[in-house]
Amino acid sequence: MVNFEKYLKILNDQLLRFESGKYPENLHQPVRYFLGLGGKRIRPVLVLMGYELFDSQYEKALHQALAIELFHNFSLIHDDIMDKADLRRGQSTVHKKWNESTAILAGDLMLIKAYELLADAPSKFLPAIFECFNKMAVEVCEGQQMDMDFERADAVEEELYLEMIRKKTSVLLGAALQIGALRAGADAGPAELLYEFGVNIGMAFQMMDDFLDVFGSSEKTGKVEGGDVLNGKKTLLYLHSMNHLSPTEKEQLMEVYLPTCKRTPKERVEVARKLFLRTKSDVYLKQKAKDYYTVGINLLKSIDQSPERLRPLLELAEFLANRDY
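Here our numbering is used: the first residue of the sequence shown is 112, the next is one more, and so on.
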């Protein structure tokens, strides 16, 4: 994916030079620290790819791309606080390295800077860009609340779970693409198709994330192995298994999801993994991811652009749906 690497280098250079401010140091240093942890940078890359689908001068969308990355990192800092997570990308989370109050402020600062960067565009594009961004931001908050509610729920319907990951994860990928397209001056129709493509690819992306949490390598993902199990997050693996287990097995699975479970973390994850495999929940999840991927690809191909212009997005979609980290 030559184009992806090209965008990634430019974005990383921009993020290294990004300065949120200087004083007080205890506010701005956590911002620099967190942005320096790296990450796949998929979302800002999508802004540039969305732009270049309609116009070749993608550099014009760099500030919008940085805005999306800052928003994403703001949400991660706050998510880590809510999840009481110790690690992010293999390093200490901001609230662990500093404290919760500083982490909240650092996240807030990122959000404000995101709005500043987003506004750096010709005024004729701004109403549509801000409408897209604000709608997405509200849905991300709703998705996070749904996620926390589900942790306390005894049972969650699959339809509600899918709506939760659509809001918490997928709409940001869709909005990144749509904002890039709008910044390039694309008409509302193609920009909306690009948004729907991103949402569907985002669903496949999140499902692979859920799969890799239990079946992937923590060395590759940079996350605690089985973090969803240990944090009581009821993903599609859990929901599907609960519909196909015996009463005794259901009790076993529910037990290892409880923070009061007496087993070691490793044992808890292993019990869940075995039950997921027995019910073929891993197969079910990967098929659902493939279904969303297929819908997304068809939406992308319906946009009136040459195969050459569509190819980078097709390649990225395939990578996101089949990744192992």
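We treat Cβ as the ideally placed atom computed from N, Cα and C, and that holds for glycine.
Since the structure is predicted, the reported quantities are computational estimates derived from the model, not experimental observations.
(request) Would you decide whether G254 is buried or exposed? Buried here means 16 or more other CB atoms lie within 10 Å of its CB. (result) The residue in question, G254, is buried, as its Cβ has 16 or more Cβ neighbours within 10 Å.
(request) Grab me the residues of A286's own chain with a C-beta within less than 6 Å of its C-beta, minus the 5 sequence neighbours each way, in chain order. (result) Cβ contact annotation for A286 (same chain, cutoff 6 Å, sequence separation greater than five): C243 and M247, in chain order.
(request) Taking 7 Å as the cut-off, decide whether the C-beta atoms of I240 and I290 are in contact. (result) yes
(message) So the candidates are G201, Q363 and H189; which of them puts its Cα closest to the Cα of G147?
(response) The residue with the shortest Cα to Cα distance from G147 is G201.
(request) Measure from the alpha carbon of F261 to the alpha carbon of each residue in L347, I121 and C372, then state which is nearest. (result) L347
(request) May I ask you to verify whether the segment 219–234 touches the segment 174–187, counting CB pairs closer than 8 Å and requiring at least 3? (result) yes
(request) Determine the closest residue to K171 out of H189, G300, M353 and L229, with distance taken between C-alpha atoms. (result) Nearest of H189, G300, M353 and L229 to K171, Cα basis: L229.
(message) Give me, in chain order, the residues of the same chain whose beta-carbon lies closer than 7 Å to that of A232; leave out the 5 immediate sequence neighbours on both sides.
(response) Q175, I240 and R294
(message) Could you check whether the Cβ of S212 sits closer than 7 Å to any Cβ belonging to chain D?
(response) Among the chains in the structure shown there is no chain D, since it carries only a single protein chain.
(message) Does L198 come out as helix, strand or coil in the three-state DSSP assignment?
(response) strand
(message) So, with DSSP's three-state summary, where would you put S413?
(response) In the three-state reduction of the DSSP assignment, S413 falls in the coil class.
(message) If you reduce the DSSP assignment to three classes, tell me which class S167 lands in.
(response) coil
(request) Kindly give me the distance between the Cβ atoms of P376 and G343, rounded to whole angstroms, as I take these residues to be in contact under 8 Å. (result) So it is not a contact: roughly 13 Å between Cβ atoms.
(message) Using 7 Å as the threshold, is the C-beta distance between L177 and Q125 below it?
(response) Remark: C-beta atoms of L177 and Q125 approach each other more closely than 7 Å.
(request) Scan the segment 298–359 and note each continuous alpha helix (DSSP H) run of 4 residues or more that stays entirely inside, going in chain order. (result) 299–326, 329–332, 338–341 and 347–353
(message) Alpha carbons only, please: which of D197, K361, E419 and D194 is nearest the one belonging to D265?
(response) K361
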